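Participant:
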Amino acid sequence: MSRLLESKVVGLSISPSEEAIGLGFDSSEVNRIVLRMIAAFLSQGARVVLGHDWRDDGVMEAVFGFVQRYRSPEVSGGPALVTNVLPWPSRSRLSEDERRAVRGGIEIHEMGRPKEATGDAEVDRVLSLTALRHELTRLVDARVCVGGRRSAYEGTVPGVIEEAAVAFESEVPLYLMGFLRGAASEVIEALRQRSPDQHALHKIGPGISGTRHSPAAMLFGRIGVEDVARINRLTPAENERLFSATTVDEAIDLAIDGIARIPTRKDREGA
């Protein structure tokens, strides 16, 4: 039976927001949502790319266990089902034996020190996170953004907002889900309330923080819902349904509908 997302690569950016607990989503529930999304995309033939660190309360240990159960035991060649890209200096907790055990299931890509590194740990971390988000965008056919912190974040702007901006700038189809609120909802509101007196898409840099505008409003400027729709192949009305979906399943189904309509990145670039 044909699968809707065969050969597609989906980048998944999802993390808790400040509002998540009040909405009934603690960190454990958010981790379960990550697994549900991965399972849904894999079941339709896609591969998934993540940029999550390995933390005590993080999701990657659960993803590791899920992929061990999900993958066919005889699969060892070909692209991995899940690719986890880590920014410098973060590293995975998997031993070499564990990596061999899930070959074909999870591939770990640990990025090197940014070429622009200054020796200042804080500055270099910001540079490494931006490099990560560009690398994640390079690897995928579509980007899904959910939740994300709007304060106490690492980097120049919240990670979900930067990933959304880099995706749009690269014309990678972007699917924004609002059910966890947070940074993804900030992008949604910026798209709905675009300001014609701002530039179309600001570059990410030190001038973004400390302004009277939200990071999303500064980055997205005059971009509207119809501009996102032009690239992600959902209609503006379908995008609004995706923004407003209150259940995980409804949001996943809408994202799958859109991703099924887009060409792969290789096809778009004529490779």
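No gaps in the numbering here: position 152 of the sequence shown is 153 in the working numbering, and each next residue is one more. All residues carry an ideal CB built from backbone N, CA and C; glycine is no exception. These numbers come from a predicted model, not from an experiment.
(1) Pick out whichever of R182, P115, E155, E136 has its Cα sitting closest to the Cα of G52.
(2) If I follow the unbroken beta strand (DSSP E) through Y176, where does it start and stop?
(3) What is the DSSP secondary structure of S14, reduced to helix, strand or coil?
(4) For E108, list the residues DSSP reports as bridge partners.
(5) Indicate the three-state DSSP secondary structure (helix, strand or coil) for Q199 in the structure shown.
(6) Any idea which residues DSSP pairs L51 with across the strands?
(7) Just grab the DSSP bridge partners of G148 for me.
(8) Which same chain residues, not among the five before or five after V167, have their C-beta less than 7 Å away from its C-beta?
(9) Out of curiosity, what's the CA-to-CA distance linking A261 and S28?
(10) Can the beta-carbon of L175 be found closer than 8 Å to that of F221?
(11) On the three-state DSSP scale, how would you describe A41?
(12) Can you grab the Cα-Cα spacing for the pair E99 / R144, in whole Å?
(13) Give me the Cα-Cα distance between L255 and L130, rounded to the nearest whole angstrom.
(14) Which residues does DSSP list as the beta-bridge partners of A274?
Facilitator: On the basis of the coordinates in this document:
(1) E136
(2) 175-178
(3) strand
(4) T84
(5) Legend: pLDDT at Q199 = 42, less than 50; position of this residue unreliable, no value from coordinates given.
(6) N85
(7) S16
(8) R134, H135, T138
(9) 30 Å
(10) no
(11) helix
(12) 28 Å
(13) Answer to the nearest angstrom: the Cα atoms are 29 Å apart.
(14) Any question about residue 274 goes unanswered here, given that the chain covers just 2 to 272.
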